[in-house]
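Structure, as structure tokens:
Protein chains: 4
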Amino acid sequence: MKIRVYYEDTDVGGVVFYANYLKFCERARSEAFFLRGLTPILDNGHFVVKDLNASYHASAKLGDLLDVSTSLVEVKKVSFKLHQSVYKDKEKIFEMDITLVFIDFNGKVKKFEPENLELLHSLFT
Amino acid sequence: MKIRVYYEDTDVGGVVFYANYLKFCERARSEAFFLRGLTPILDNGHFVVKDLNASYHASAKLGDLLDVSTSLVEVKKVSFKLHQSVYKDKEKIFEMDITLVFIDFNGKVKKFEPENLELLHSLFT
Amino acid sequence: MKIRVYYEDTDVGGVVFYANYLKFCERARSEAFFLRGLTPILDNGHFVVKDLNASYHASAKLGDLLDVSTSLVEVKKVSFKLHQSVYKDKEKIFEMDITLVFIDFNGKVKKFEPENLELLHSLFT
Amino acid sequence: MKIRVYYEDTDVGGVVFYANYLKFCERARSEAFFLRGLTPILDNGHFVVKDLNASYHASAKLGDLLDVSTSLVEVKKVSFKLHQSVYKDKEKIFEMDITLVFIDFNGKVKKFEPENLELLHSLFT
Numbered sequence: 000m001k002i003r004v005y006y007e008d009t010d011v012g013g014v015v016f017y018a019n020y021l022k023f024c025e026r027a028r029s030e031a032f033f034l035r036g037l038t039p040i041l042d043n044g045h046f047v048v049k050d051l052n053a054s055y056h057a058s059a060k061l062g063d064l065l066d067v068s069t070s071l072v073e074v075k076k077v078s079f080k081l082h083q084s085v086y087k088d089k090e091k092i093f094e095m096d097i098t099l100v101f102i103d104f105n106g107k108v109k110k111f112e113p114e115n116l117e118l119l120h121s122l123f124t
Numbered sequence: 000m001k002i003r004v005y006y007e008d009t010d011v012g013g014v015v016f017y018a019n020y021l022k023f024c025e026r027a028r029s030e031a032f033f034l035r036g037l038t039p040i041l042d043n044g045h046f047v048v049k050d051l052n053a054s055y056h057a058s059a060k061l062g063d064l065l066d067v068s069t070s071l072v073e074v075k076k077v078s079f080k081l082h083q084s085v086y087k088d089k090e091k092i093f094e095m096d097i098t099l100v101f102i103d104f105n106g107k108v109k110k111f112e113p114e115n116l117e118l119l120h121s122l123f124t
Numbered sequence: 000m001k002i003r004v005y006y007e008d009t010d011v012g013g014v015v016f017y018a019n020y021l022k023f024c025e026r027a028r029s030e031a032f033f034l035r036g037l038t039p040i041l042d043n044g045h046f047v048v049k050d051l052n053a054s055y056h057a058s059a060k061l062g063d064l065l066d067v068s069t070s071l072v073e074v075k076k077v078s079f080k081l082h083q084s085v086y087k088d089k090e091k092i093f094e095m096d097i098t099l100v101f102i103d104f105n106g107k108v109k110k111f112e113p114e115n116l117e118l119l120h121s122l123f124t
Numbered sequence: 000m001k002i003r004v005y006y007e008d009t010d011v012g013g014v015v016f017y018a019n020y021l022k023f024c025e026r027a028r029s030e031a032f033f034l035r036g037l038t039p040i041l042d043n044g045h046f047v048v049k050d051l052n053a054s055y056h057a058s059a060k061l062g063d064l065l066d067v068s069t070s071l072v073e074v075k076k077v078s079f080k081l082h083q084s085v086y087k088d089k090e091k092i093f094e095m096d097i098t099l100v101f102i103d104f105n106g107k108v109k110k111f112e113p114e115n116l117e118l119l120h121s122l123f124t
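Chains A, B, C and D, in that order, are what the protein sequence lines are.
Residue numbers for the first sequence follow numbering that gives the first Met the number 0, so the first one is 0 and each next one is one higher.
Residue numbers for the second sequence follow numbering that gives the first Met the number 0, so the first one is 0 and each next one is one higher.
Residue numbers for the third sequence follow numbering that gives the first Met the number 0, so the first one is 0 and each next one is one higher.
Residue numbers for the fourth sequence follow numbering that gives the first Met the number 0, so the first one is 0 and each next one is one higher.
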């Protein structure tokens, strides 16, 4: 997943605004679904963020071409955790652990079905 | 409607990113509804932008406190036009004419009801 | 220039937020520079938006893959005008005329040098 | 610090996009400076985010009026940590610990001067 840094991503400090790394990581998560002809809104529910733990190692600037890598850390009954890193050339400039919870369309936490688990493993392992 | 310029609004050029003036104007339109305990999503439909015509006169920077003024230009059967201006101190730095169309929840263009017209006049005149 | 619609681009209305089409068009303008190993910040100046005239024909939703096309309409002494369109499949869903002014690094309007003109023609014709 | 949720803050899921809570918290940090006639860009340096640890407890939707509270957790030689919470009515819907590092205008980490420390304590305690 390649991501170009545009004007909209930068701020007056001259580098990417800190919240925008979370946008880049979301793009990578959704793109995993889109590339298989799916969307992150499944038949029986969708995902909301529960918590995240992020570290900023270096900055990115206008025109940089970044890479986002995503790997599955663990899957529980109603949630899963990913580790996502953003690279500029070979340097890791940002990384986070993020936990997402599965909820139904009434907003209630929902247990994964076997096919949901299979999907998560195929998308992010 | 006062709007402070924060980091998120600026870009590497040091001033407010050009698309963000449209955000500021949208805030002013919605705030007119919120201040009366309403939302821009009405019982019988909501609004989508049809066209806009914007002029950028000067720039705004981090920390600036801006004013947005909104006035009703005309109301037609299914649409209405506003003129919105953004001021920094007394200087007009941005203005646009924007036309919004009324649509129902199936996305079909919808004629205003008399109470919709009354509401528009009370909010924006 | 292909642009995927992600969560960040949508709003509670279920479609792309109206200001974000301006982001998509800015990406296309900057990408023209990046693809040649340049940036839109030139040695002798850079560009600011003077005015734009936009029409919204249809909406885009999460996961859509959009195309942005950009063509040069005219070049004057200190400014140039582009026509930019956003397509979803073959349908034009958004278009705008946008005029950008060339300014130096003190913010003064600046006449294009011959090499600036050459560059604009090579990037956008 | 009161923050209204506008269209731009929401996404197709119907609630505030997860990265936007970081925008709200940044507004509160900068506003502490602005309210004293200062900016977060000091004479001898400015701040960059080093890490953050965020928890999402509940969601916010269009029109909600949120409160952001900010308190100083600790100050070290070159960095400081804040705890920031976002409330909807009396319910805490988001919180994070965030560590910011002080850097000079060449991007080098910089030790706080005594007046910087005094300022941080007066702004955030």
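The C-beta atom is built at its ideal place from N, Cα and C for all residues, glycine as well.
Since the structure is predicted, the reported quantities are computational estimates derived from the model, not experimental observations.
| Check | Outcome |
| --- | --- |
| Sequence-distant residues of the same chain with beta carbon closer than 6 Å to THR98 (chain B), five excluded per side | LYS49, ASP50, SER78, LYS80 |
| Three-state secondary structure assigned by DSSP to HIS120 (chain A) | helix |
| Coil, strand or helix - GLU7 (chain B) by DSSP | helix |
| Presumed contact (8 Å Cβ cut-off) between PHE32 (chain B) and THR38 (chain B), rounded CB distance | 6 Å |
| Ranges of the beta strand (DSSP E) found wholly within the stretch 39 to 92 of chain D, counting only runs of at least 3 | 45 to 55, 64 to 74, 78 to 87 |
| 6 Å CB neighbourhood of MET0 (chain C) in its chain, flanking five on each side removed | ALA27, GLU30, VAL67 |
| Interface residues of the stretch 6 to 21 of chain C facing chain A [CB-CB below 7 Å] | TYR6, GLU7 |
| Inter-residue spacing [alpha-carbon to alpha-carbon] between LYS7 (chain D) and LEU21 (chain C) | The displayed chain sequence assigns Glu, not Lys, to residue 7 (chain D). For GLU7 (chain D) and LEU21 (chain C), the distance between alpha carbons rounds to 14 Å. |
| C-beta neighbour in chain C for ASN52 (chain B), strict 9 Å | yes |
| Where the alpha helix (DSSP H) through PHE33 (chain C) begins and ends | 19 to 33 |
| For LYS75 (chain C), the nearest candidate out of C:ASP63, C:ALA18, C:GLY13, C:LYS109 (CA to CA) | C:LYS109 |
| Length of the line joining the Cα atoms of ALA59 (chain C) and LYS60 (chain D) | 21 Å |
| Within chain C, partners of LEU61 (chain D) - CB distance below 7 Å | VAL11 |
| Rounded C-alpha distance that separates GLY44 (chain A) from LEU119 (chain A) | 13 Å |
| Cβ separation of ALA57 (chain B) and ILE92 (chain B), assumed to be a contact under 8 Å, to the nearest whole Å | 4 Å |
| Chain B contact for ARG35 (chain D) (CB, 9 Å cutoff) | no |
| Under 8 Å by beta carbon: chain A residues contacting HIS82 (chain D) | Simply none; closest approach about 15 Å. |
| Proximity to ASP42 (chain A) [Cα-Cα], best of A:LYS89, A:ASN115, A:LEU122, A:ASN19 | A:ASN115 |
| Test: ILE40 (chain B) CB closer than 9 Å to a CB of chain D | yes |
| Coil, strand or helix - GLU94 (chain B) by DSSP | strand |
| Chain C contact for PHE111 (chain A) (CB, 9 Å cutoff) | no |
| Beta-carbon proximity check, PHE23 (chain A) vs ILE2 (chain A), cutoff 9 Å | yes |
| Whole-angstrom distance between GLU90 (chain B) and LEU64 (chain B), CA atom to CA atom | 12 Å |
| Residues near ASP103 (chain C) in its chain [Cβ-Cβ closer than 8 Å; skip 5 each side] | ASN43, GLY44, LYS109 |
| Cβ distance (whole Å) where VAL11 (chain D) is taken to contact GLY13 (chain C) below 8 Å | 5 Å |
| Best match in C:GLY62, C:GLU25, C:HIS82, C:GLU117 for proximity to ASP88 (chain C) [C-alpha to C-alpha] | C:GLY62 |
| Identity of the residue in B:PHE101, B:THR124, B:SER121, B:GLU112 nearest ILE40 (chain B) by Cα | B:PHE101 |
| Residue(s) in a DSSP beta bridge with VAL14 (chain C) | Paired residues: none, contrary to the question. |
| Residue of B:ASN105, B:ASN19, B:GLU117 minimising C-alpha distance to LYS73 (chain B) | The sequence shown places Glu at residue 73 (chain B), not Lys. That would be B:GLU117, whose Cα lies nearest to the Cα of GLU73 (chain B). |
| Distance, MET95 (chain B) Cα to GLU25 (chain B) Cα | 12 Å |
| Contacts around TYR86 (chain A), its chain only, beta-carbon distance under 6 Å, and the 5 residues preceding and following it disregarded | ASP66 |
| Buried or exposed by the 16-neighbour rule on C-beta atoms within 10 Å, applied to ASN19 (chain A) | buried |
| Cβ-Cβ distance between PHE123 (chain A) and LEU71 (chain A) below 9 Å | yes |
| Chain A contact residues for GLU25 (chain C), given Cβ-Cβ distances below 9 Å | TYR5, TYR6, GLU7 |
| Cβ shell of TYR55 (chain D) (< 6 Å), same chain only, five flanking positions each side left out | PHE93 |
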